[in-house]
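Engineer:
Protein chains in written order, with this note's numbering: chain A, 8 to 301; chain B, 3 to 297.
(1) Does the pairing of the segment 158-165 of chain A with the segment 235-254 of chain A give three or more beta-carbon distances under 8 Å?
(2) What does residue 56 of chain A pair with, by DSSP beta-bridge criteria?
(3) In terms of alpha-carbon separation, which member of B:195, B:265, B:272, B:283 lies closest to residue 57 of chain B?
(4) Using a Cβ-Cβ cutoff of 9 Å, what residues of the segment 8-21 of chain A are near chain B? List them in chain order.
(5) Measure from the C-beta of residue 263 of chain A to each C-beta in chain E and report whether the shortest distance is under 8 Å.
(6) Please name the residue in B:46, B:101, B:123, B:100 whose C-alpha comes closest to that of residue 13 of chain A.
(7) So with CB distances below 7 Å, who are the chain A contacts of residue 179 of chain B?
(8) Which whole runs of the alpha helix (DSSP H) in the segment 98-162 of chain B are 4 residues long or more, in chain order?
(9) To which residues of the same chain is residue 222 of chain B closer than 6 Å at the C-beta, ignoring the five residues directly before and after it?
(10) Drop a sphere of 10 angstroms on the beta-carbon of residue 137 of chain B, count the other beta-carbons inside from all chains shown, and report buried for 16 or more, exposed for fewer.
(11) Closer than 7 Å by beta-carbon distance: list the chain B residues that pair up with residue 94 of chain A, in chain order.
(12) Taking CB distances under 8 Å as the criterion, tell me whether residue 160 of chain A reaches chain B.
(13) Does residue 108 of chain A get closer than 8 Å to chain B when you measure Cβ to Cβ?
(14) Give, in chain order, every residue of the segment 232-248 of chain A whose Cβ lies closer than 9 Å to some Cβ of chain B.
(15) Using the three-state DSSP reduction, which class does residue 220 of chain A fall into: helix, strand or coil?
(16) What's the C-alpha gap between residue 176 of chain A and residue 224 of chain B?
(17) Looking at C-alpha atoms only, which residue of A:87, A:115, A:20, A:69 is the closest neighbour of residue 222 of chain A?
(18) So what's residue 29 of chain A in DSSP terms, helix, strand or just coil?
(19) Of all the CB atoms in chain A, is at least one closer than 8 Å to the CB of residue 157 of chain B?
(20) Which of the three DSSP states, helix, strand or coil, is assigned to residue 160 of chain A?
(21) Residue 59 of chain B to residue 176 of chain B, Cα distance in whole Å?
(22) Against residue 116 of chain A, what residues of chain B qualify as contacts under a CB-to-CB distance less than 7 Å, listed in chain order?
(23) Figure out for me which residue from A:262, A:238, A:16 has the closest Cα to the Cα of residue 116 of chain B.
(24) Looking at the structure shown, is residue 241 of chain B part of a helix, part of a strand, or coil, going by DSSP?
(25) Cβ of residue 56 of chain B less than 8 Å from any chain A Cβ?
(26) Quick one: does residue 274 of chain A have its CB under 8 Å from some CB of chain B?
(27) Is the beta carbon of residue 252 of chain B closer than 8 Å to that of residue 86 of chain B?
(28) Under DSSP, the alpha helix (DSSP H) around residue 149 of chain A begins and ends at which residues?
(29) Could you check which residue in B:274, B:282, B:90 has the C-alpha nearest to that of residue 123 of chain A?
(30) Is there a C-beta anywhere in chain A that falls below 8 Å from the one on residue 143 of chain B?
(31) Given a threshold of 16 other Cβ atoms within 10 Å of its Cβ, counted over all protein chains shown, does residue 200 of chain A qualify as buried or as exposed?
(32) Using a Cβ cut-off of 7 Å, pull out every chain B residue sitting near residue 256 of chain A, in sequence order please.
(33) With H, G and I counted as helix, E and B as strand and the rest as coil, what does DSSP make of residue 10 of chain A?
(34) Would you please state the rounded distance, in angstroms, between the beta carbons of residue 127 of chain A and residue 277 of chain B? I believe it to be under 8 Å.
(35) Relative to chain A, which residues along the segment 218-240 of chain B have a C-beta separation below 7 Å, given in chain order?
(36) So, with DSSP's three-state summary, where would you put residue 155 of chain A?
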């Protein structure tokens, strides 16, 4: 007979066993294996040989990789800034006194795009963005604006992807901000108002500090998500024109699954992993300085 | 857009001067901004819906008509009659999403329960170990997983998508939060009554974890239903493909697919999501934001 303590531990290990089997096979092993592959010239048909740091040497001089990193960083910067900024603005407005019916309507409207796959959203917007037949250019023409080459001009194509991303994801930022705003006790505002604080002071001295954990959370998850952008771009522009909107993940996909250059693709994927890890750690480190936990 | 947002500001300033009630113009501004944003969010979806009901010949017609001008519901049959096996895409997505969701509900609730309620050596270390792996992007692990599936001859089968989806670190974390909130007295009482760990889990913890299971179920089902990256890599024949792949096929080379047919297909694809949303929307919003906040 096992002691109660031991039987509790045994039960616990059995409970976590399925998760850890899956974890070992589909996360831990592939993580180590992808690092190993990155030191090989890897062919699926045999002829795999060790090449040391050649793949890493190659990626330092790969101008296409540099382009895709630049695209990804431009996308991430705009997408995170606009999603978080507009999301916060809408949440602040939505948190004002208003009939519950109105608030629910706005909330549902902003929430709906979150549920729809990036693929479908790109399919819809690809029609809207068409230069000659698209709805957007039709309305711009009413304001005397010439047809914008949304999907065929490098700069406009990137703008098109960012606009679509904000359309889809701002609602999520807004909902999380709204939940954060609603958890701030109203008494704080009343006390500050009694002390003669004006609306702007309430916002900068109470709302922002108490909302800082939420802001931090949104920045981290939006940045990590944006650095991995793939679905929306591959359907909307296929990375074009040229490589103008190709993201790092699209480049990994192309190298691995279209050119079957697994070793090089694994090396590139590890650079992305390191970037994401660095961003996460820097933000956690920075958060100690400015995030205010109650 | 700039012109439209400025007007309420200007109007608002005048109101202040007239009525000296500073709250008034801010209300107008916030309603104006929220309404404009809601319109911008809803218009593409409205366009999708009205286009899906138009006669095929009119689908490119400008000026755009936002409200349906015709009600050609037969467009919704067109994807099934097209040259791609649309009904198979639908069934494949349903099968993959349902099995993945079922698997995660089982594995995540078990592990989440152990991490929240049981004491064992290495608990904190193992949990942090799992959490740290959330930083690993799927693109790093997908290459070895692909090579593994190729070795096992599982490429272009649904197993290649379902097997890696049976566990979820996020799901373990989410379920742990739900189990942690339950009062300790319940579990003490179960122990006094002589219930074993499995019985306590199945008969006391799980029935109370309904909201947690539903949250995880909805998040996982939606994510799998909408998933594209892995499907694009693993599934190569039309018979195996999922709905997002199928719709990308329907749009055709260089967008040659007819918008009305494609939009009807998109409408069908988001229908399950829409139904769940309408049935349980307030609750889903709460669950999603709450799970996010605790992340």
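The beta-carbon is built from N, C-alpha and C at its ideal position, and this holds for glycine as well.
These numbers come from a predicted model, not from an experiment.
Structural biologist: Inspection of the coordinates gives the following:
(1) yes
(2) Here residue 56 of chain A corresponds to residue number 49 of the first chain, with the count starting at 1. Answer is A:48.
(3) What you label residue 57 of chain B is simply residue 55 of the second chain in a count that begins at 1. Among B:195, B:265, B:272, B:283, the Cα nearest to that of residue 57 of chain B is on B:265.
(4) Listed by position, the residues of the segment 8-21 of chain A near chain B (Cβ gap below 9 Å) are 11, 12, 14, 15, 16, 17, 18, 19, 20, 21.
(5) You won't find chain E in this structure, because its protein chains are A and B.
(6) Position 6 of the first chain, counting from 1, holds the residue named residue 13 of chain A. Selected option, being the one with the closest Cα: B:123.
(7) If you number the second chain from 1, residue 179 of chain B lands on position 177. Within chain A, no residue comes near residue 179 of chain B; the closest Cβ sits about 15 Å away, beyond 7 Å.
(8) 125-134, 140-153
(9) Counting from one through the second chain, the residue named residue 222 of chain B turns up at place 220. Hits under 6 Å: 103, 106.
(10) Sequence index remark: in the second chain, residue 137 of chain B carries index 135 (1-based). The residue in question, residue 137 of chain B, is exposed, as its Cβ has fewer than 16 Cβ neighbours within 10 Å.
(11) Reading the first chain from its first residue, position 87 is the one you call residue 94 of chain A. Simply none; closest approach about 10 Å.
(12) Position 153 of the first chain, counting from 1, holds the residue named residue 160 of chain A. It does not: the Cβ of residue 160 of chain A has no partner Cβ on chain B nearer than 8 Å.
(13) Taking the first chain and counting its residues from 1, one reaches residue 108 of chain A at position 101. No, because no Cβ of chain B sits closer than 8 Å to the Cβ of residue 108 of chain A.
(14) 234, 235, 237, 238, 241, 242
(15) In the first chain, the residue the question calls residue 220 of chain A occupies position 213. Residue state, collapsed to three classes: helix.
(16) Counting from one through the first chain, the residue named residue 176 of chain A turns up at place 169. Counting from one through the second chain, the residue named residue 224 of chain B turns up at place 222. Going by the C-alpha atoms only, they are around 15 Å apart.
(17) Within the first chain, residue 222 of chain A is the residue found at index 215, counting from 1. Checking every option, the nearest Cα to that of residue 222 of chain A belongs to A:87.
(18) Counted from its first residue, the first chain places residue 29 of chain A at position 22. Residue state, collapsed to three classes: helix.
(19) Residue mapping note: residue 157 of chain B aligns to position 155 of the second chain, counting from 1. Not one chain A Cβ lies under 8 Å of residue 157 of chain B.
(20) Taking the first residue of the first chain as 1, we reach residue 160 of chain A at position 153. Looking at residue 160 of chain A - three-state DSSP - the assignment turns out to be coil, as it is neither helix nor strand.
(21) Position 57 of the second chain holds residue 59 of chain B. Position 174 of the second chain holds residue 176 of chain B. In a straight line, the C-alpha of residue 59 of chain B is about 49 Å away from that of residue 176 of chain B.
(22) Stepping through the first chain from its first residue, residue 116 of chain A is reached at position 109. The contacting residues are 40, 43, 44.
(23) In the second chain, residue 116 of chain B corresponds to position 114, counting from 1. It is A:16.
(24) The residue labelled residue 241 of chain B in the question sits at position 239 within the second chain. Of the three classes helix, strand and coil, the one that applies to residue 241 of chain B here is coil, per DSSP.
(25) Taking the first residue of the second chain as 1, we reach residue 56 of chain B at position 54. Cβ-Cβ to chain A under 8 Å: no for residue 56 of chain B.
(26) Residue mapping note: residue 274 of chain A aligns to position 267 of the first chain, counting from 1. So no, residue 274 of chain A is outside the interface.
(27) Locating residue 86 of chain B in the second chain gives position 84, where the first residue counts as 1. Locating residue 252 of chain B in the second chain gives position 250, where the first residue counts as 1. Closer than 8 Å, so yes.
(28) As a working note, residue 149 of chain A is residue 142 in the first chain. Note, residue 149 of chain A: alpha helix (DSSP H), 142-149.
(29) Position 116 of the first chain, counting from 1, holds the residue named residue 123 of chain A. Looking at the Cα atoms, B:274 is the closest of the given residues.
(30) Counted from its first residue, the second chain places residue 143 of chain B at position 141. True, the Cβ-Cβ gap to chain A drops below 8 Å.
(31) Position 193 of the first chain holds residue 200 of chain A. Residue 200 of chain A comes out exposed.
(32) Residue 256 of chain A sits at position 249 when you count from the first residue of the first chain. Ordered by position in chain B, the residues that pass the 7 Å Cβ test against residue 256 of chain A are 141.
(33) Here residue 10 of chain A corresponds to residue number 3 of the first chain, with the count starting at 1. Three-state result, residue 10 of chain A: coil.
(34) Taking the first chain and counting its residues from 1, the one referred to as residue 127 of chain A is at position 120. Taking the second chain and counting its residues from 1, the one referred to as residue 277 of chain B is at position 275. With 8 Å as the limit, residue 127 of chain A and residue 277 of chain B do not qualify as a contact, their Cβ atoms being about 16 Å apart.
(35) 224, 228, 230, 231, 235
(36) Here residue 155 of chain A is taken as the residue at index 148 of the first chain, counted from 1. Coil at residue 155 of chain A, not helix or strand.
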